[in-house]
Structure formats: C-alpha cells, structure tokens
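Asker: Numbering (this note's numbering), first residue to last: 585 to 669.
For every residue, glycine included, the Cβ atom is placed at its ideal position computed from N, Cα and C.
All values reported here derive from a predicted model rather than from experimental measurement.
Have a look at this one.
Structure follows, in structure tokens:
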C-alpha cells in the first residue's frame, strides 16, 4: 500500500532500468516473502527486503518511504531513517 495505485499500474520498468522504483516487502515467512518479491519483480519494480513484520512500521503512512517512488538505494535509506511513532 506504499505506492500510488496509478504508478503501480503504469510505472513498472524492465529489470536493470536505471532509477527503477523499489517497493519494500516485510514478512516473517521466507517462502511467502519470496513469492511477493517475485510478484513485485513481475510488475516491473525492484523488491527490497524490509525485514520481518515487526519492522513493517518503517513503511507505514508518515514514514520517509511511504508513497515515494524511490530506487533501491533511496528506499533502503528511507527505511533506515524511519523512527517509531
């Protein structure tokens, strides 16, 4: 839910495209998280491992990454810069 719906439909790019939008994915289940990573990749975005569910607050509304069309590097930075409410 951290990307504007229109961007999800229209902004996917082939793998390796410079400045490709990255989407953080948090989850505790390894196979489930890998499945979601694959779906993100198929839609044309770079999946970023955002850690376990307990860290998913880092991508909630009001955090530096929420709603931003960042690449992998900036997504990782924004996740690291997030502070708890």
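Just to check my reading of the structure: residue 608 and residue 643 have Cβ atoms closer than 8 Å, yes? What is that Cβ distance to the nearest angstrom?
Answerer: 5 Å
Asker: Between which two residues does the alpha helix (DSSP H) carrying residue 665 extend?
Answerer: 656 to 665
Asker: By Cβ distance below 7 Å, which residues in the same chain neighbour residue 641 in space, the five residues on each side in sequence not counted?
Answerer: 668
Asker: With 16 as the cutoff for other CB atoms within 10 Å, does residue 606 come out buried or exposed?
Answerer: buried
Asker: For residue 668, does the three-state DSSP call read helix, strand or coil?
Answerer: Coil at residue 668, not helix or strand.
Asker: Taking 7 Å as the cut-off, decide whether the C-beta atoms of residue 610 and residue 651 are in contact.
Answerer: no
Asker: Quick one: give me the first and last residue of the alpha helix (DSSP H) that residue 609 is part of.
Answerer: Element bounds for residue 609: not the alpha helix (DSSP H) but the beta strand (DSSP E), 606 to 609.
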